[in-house]
Amino acid sequence: MIVEIRIFVPFLLWTACLWACTGPASENQTLFELIPAEQSGIFFSNNLKETALANILTYQYFYNGGGVAVGDVNNDGLMDLFFTGNMTSNKLYLNKGDLKFQDITLATGTAGREEHWTTGAVMVDINGNGLMDIYVCYSGNLPSDARRNQLFVNQGIDEQGIPYFEEMAKAYGIDDPGYSTSALFFDYDLDGDLDLMLLQHNPELYSNLDESNYRKRLQEHSPDMSSKLFKNNDGIFEDVTLEAGLSGTPLSYGLGGNVADVNGDGYPDIYIANDYSAPDYLYINNGNGTFSDRINEQIGHTSLYTMGMDIADFNNDGLLDIYTLDMLPEDNRRQKLLFSPENYDHFDLFVKVGLHHQYMRNMLQMNNGNGTFSEIGQLAGISNTDWSWTPLFADFNNSGKKDLFVSNGFLKDLTNLDFINNRKEYLQNQKVTQNGLIELIHTMPTTPLQNYIFENQGNLRFSNMANDWGLNQLSNSNGAVYVDLDNDGDLELVINNINQSAFLYKNNSRESQQSNFLQIELEGKNKNTLALGTKVTIYSDGQLQMQEQTLYKGYQGNVGPVLHFGLGDWKRIDSLIVNWPGGSSESIIHPEYNQRLVLSASNANTPAKEKICTSPKWISEPSISELAHSNIIFNDFNRQSQLMENLSAKGPVLIKADVNGDGLEDIFLGGGYGEAGKIFIQNKNGEFNKSNAFSEYNAEAVDVHAAFLDANGNGHLDLYIVRGGYHQFKSRDQKLRDELYINDGNGNFTKSTVGTIPEIFNSSSVVVPMDINNDGYTDLFIGGTYVPGRFPESDESYVLLNKGNGAFKMISGDEWPILSSLKRINDAVVTDINKDGSQELVIASEWAPIYILSSYGNRLENITDKLIDENFRGLWKCLLITDLNGDGQVELILGNHGLNSPYRASRKEPMQLHFADFDQNGSVDPILSYYIHGKRYPILSRDELAAQMYRKKAVFSSYGQYAEATLEDILTKAEIDKAEILEINTLETMLFILKNGKYIVSPLPYQVQMAPVKSVISLEGKPKALFFAGNSNYSRIKIGKIDGNYGILLKADDNFEYSYTSQYISGFRVNGDVNSTLNINGSLYIGIHNQPVAIYKPLE
């Protein structure tokens, strides 16, 4: 194998004069430095001029901006730039070195047509002759001939180093007259030439479609509007969209796309990012010329107004992740001032017709390596970047971790709710004139914004460094690229702006930080000269970085073709592995730092090693017939709009015991609304069969919890079932009466006689058997929860004392005052936590601290302060108490809401919930608030406020006035004084370990915080392994699904520190809301809402 080390002249000059020419970096020097146009020679501005016929109201994508393409058009080793203008001429700039550029547009004939609306452009060596060509896309409200895309084919370079081009799109078959956004070139069939994925959009916006019309549109074919796949047949491109299995629907608003091998099988896959309600597509390459859309099965939810996107390995695990942009603002004011979807009927319609679960925010889909992605954009801190266009993952500070740039801005606030009202009033009440239309547009607010640049913190978290790194200019930015323009070993940023000069940011990483890097230039075979699809991985001391050569990313352009690796604190590179398209590979041992390696596919003669498939530690077993949960879900938000989640979506309860005395554990599966609970009897072969265990059963309520106990002292395990649910129930609804079923000893259960348990119609959630008064009989603690229709009001908890004859007596808060404070409970566990011989009851509840109650004497006593110093108040979901490390002391694990949502809570900035009947109409008015940028704001919008308390709408005459409103502005002092206030200061799932007699928090891997944890169980090992499950698939629209937990396995080392086991290694792929987990015979039985019970068996 021959490795060419090519260091360009500008690179040598930079190395020689880095310190001599520039001297030490200034203390005030930022990572990026904006280079003035007078210095760079880049005098380009994408200027728009609105008229009565050409404006944002006549063409929905009028403010979508232009793009930037990168490539070395004259083969001098310096990257050149091509800018597109929507209404202005495109510009080609030749890089002359030292960040100085020459405008060669006229000389090369690449300005584009005069009557045009240019969108994106990319550079590509389309004919494989080693010269970069330029493909330009057109759209707009123009005749089809004015929309025909252009291909400027490089014909060679003259003596002055100026390339000359010939427009040849028609000759290649890609002078497409559709509404094009941008282009992605790649070799999808691995035949050695480049094919084309053309992103397109419908120029009109569908509205008021019903189910049948949506389904009709999805089946239609519209080649001018749908994104299209072209196959390269010896230099002639042929449309193979439908034959390849791609959608041709006119419900298409393709603004972004990317091509990469997301499943690691060697074939490039396609992600299409669609605006509006049109679904995104994840087309997996089948390897036979066809694709299959797998987005519904691999990704739980997507962005709604998806714009630009990127695919990259952001967390250095060797797997390609997906990031899509949307338009959710970061600050409270713009969140309240701009439109945000809140219509549940529309949302449900989209899901029903197959448009997937779409929410208005950026999405970071972390690749789990097993055909699933966990969406963690809010956990990562990159979900809200306003009206965003170009996302680019790259290592901008050479730290060894990929940072993230996001371009941002929309020329005018089209979705400003006050403007929407003004527009509606104008169109309804006035005669529309050209002058009137222009005047209306001028009333639209203009809000220039900063771009974002996030530093990768290395723990699935990012921090916005725009101000610190020098990107503090206000603009309306669209297309952007990263590229090392001066060949100094760090990446510059180039950004196309509307009505403002383009930005060129010089990167000072090498000068200011003396950072290290490695760059890879790839030379492909056949006509894929840039080796698109090649994967390069570098390794050092158990760490890795991986990149795939895929240039067409971000928005309406392409990045530079040289792969750039920052090396951070790596002491050396152990090895470099290149996997070329088609199956060959090569490796380099200990390549040197701070150089550009040129690697050629023609020198790679080693077949690629077959992918080593790691055997999973757990495998899925077939489900058991009828061991499945079923629940009729009501839309609780129609009843109470300010719920945090749909409270009717509860269950299943799943518990185990030997009910027939044969020494084998059997299963009780609680029923949902309209379904009876079931008993499954285990036989000696470990198989389960449903038993007709119940002579009668009330299926009109939901089984929310249950426990086996010997209620009457006859040695047989009876069954107590907590009946609850939200649904259409009322406070004190008779259907909420709990039931006690008496076991005949053979596993047959009969409802207890009247008077055995009191007739109580509280809303309850938990039952825990324990001898509370130490009389030798098993009593019951019953935990109270939310009153149906009156969230967040909660019924109190109570105790049922066993009289010793199988009958029970109720003890309420009137007798034991501590019971009155125990509300909104999700879980409770009995243990002897302090080894004093008496039982403790540990309680997990929402909007409350952790409670530890001891059964001293004949009642419960709160001893929490004796064991936990800090007052952790959370939305506690579940509990596990066990000795994890075998030291004789039990640890506490409490499941919480997690950190992957908009909610934020800390000691300094707690989240609060005020509630009362503020408008005195008999209903409860909850107002949730949390901190944004250091100030606490209510989450509800002005429209939601009006729906909740209509008279409050008059307090705020406009959305603009409401946008800055705090709780104190919404409620009067008297209303606040009468409100009950709930508060939390943490959302993290926590592990508590005992040290010096007190429980303290021990850190858990961040993956645990990806979703609410509703079930946790320990597994064999020393220390014991932990399995976490949960999710929240039924949250309100503005929160969205939180579904990134597919079953998380943690293992601890000898130092009792837990680490995350990757999904493809653990083997878990549990979809849905998990509420219970059992370990039976070493296998896990996982209770999932409205699904069969999942069963996983260990292989180790």
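full-length UniProt numbering numbers the first residue of the sequence shown as 1 and each following residue consecutively. Glycine included, every Cβ here is placed at the ideal spot set by N, Cα and C. No experiment lies behind these values; they were computed from the predicted model shown.
Write down the C-beta distance between residue i and residue j rounded to the nearest angstrom, noting that I regard them as a contact closer than 8 Å.
i: Q155; j: Y164; result: 5 Å
i: V1070; j: A628; result: Between A628 and V1070 the Cβ distance is about 14 Å, and since that is not below 8 Å, they are no contact.
i: M225; j: G178; result: 7 Å
i: L994; j: G874; result: L994 to G874, Cβ: 20 Å. No contact.
i: A52; j: Q434; result: 3 Å
i: A244; j: T290; result: 5 Å
i: M307; j: G256; result: 6 Å
i: L522; j: Y593; result: Not a contact, Cβ separation roughly 19 Å.
So is residue i buried or exposed if we call it buried at 16+ other beta carbons inside 10 Å?
i: H346; result: exposed
i: F791; result: buried
i: I520; result: buried
i: L899; result: buried
i: S388; result: buried
i: C21; result: With a pLDDT of 40 at C21, under the threshold of 50, the modelled position of that residue is not reliable, and no figure is offered here.
i: Y135; result: buried
i: G1087; result: buried
i: I1000; result: exposed
i: S623; result: exposed
i: R147; result: buried
i: F43; result: exposed
Classify residue i as helix, strand or coil using the three-state DSSP reduction.
i: V955; result: helix
i: Q961; result: helix
i: F749; result: strand
i: V1093; result: coil
i: H357; result: coil
i: M363; result: strand
i: N631; result: coil
i: N232; result: strand
i: L242; result: coil
i: Y1085; result: strand
i: H914; result: strand
i: M1010; result: helix
i: G377; result: helix
i: D969; result: helix
i: Y267; result: coil
i: V1070; result: coil
i: L867; result: helix
i: G436; result: helix
i: L190; result: coil
i: T105; result: helix
i: I126; result: coil
i: I162; result: coil
Is it true that the CB of residue j sits closer than 8 Å to the CB of residue i?
i: A278; j: L242; result: no
i: Y798; j: R824; result: no
i: Q358; j: L304; result: yes
i: G85; j: G66; result: yes
i: T443; j: N422; result: yes
i: F915; j: I927; result: yes
i: N858; j: N773; result: yes
i: D486; j: D98; result: yes
i: S691; j: F680; result: yes
i: F694; j: F749; result: yes
i: N316; j: Q543; result: yes
i: Q549; j: T534; result: yes
i: L411; j: L337; result: no
i: L92; j: E115; result: no
Determine contact between the segment 376 to 385 and the segment 459 to 472, defined as no fewer than three beta-carbon pairs at a distance below 8 Å. yes
When the Cβ atoms of the segment 802 to 815 are set against those of the segment 826 to 845, are three or more pairs found closer than 8 Å? no
Cβ contact check for the segment 349 to 365 and the segment 321 to 328: 3 or more pairs under 8 Å: yes
Any contact of the segment 968 to 986 with the segment 1026 to 1042, i.e. 3+ C-beta pairs under 8 Å? no
Pairs of beta-carbons, one from the segment 503 to 521 and one from the segment 470 to 490, closer than 8 Å: are there three or more? yes
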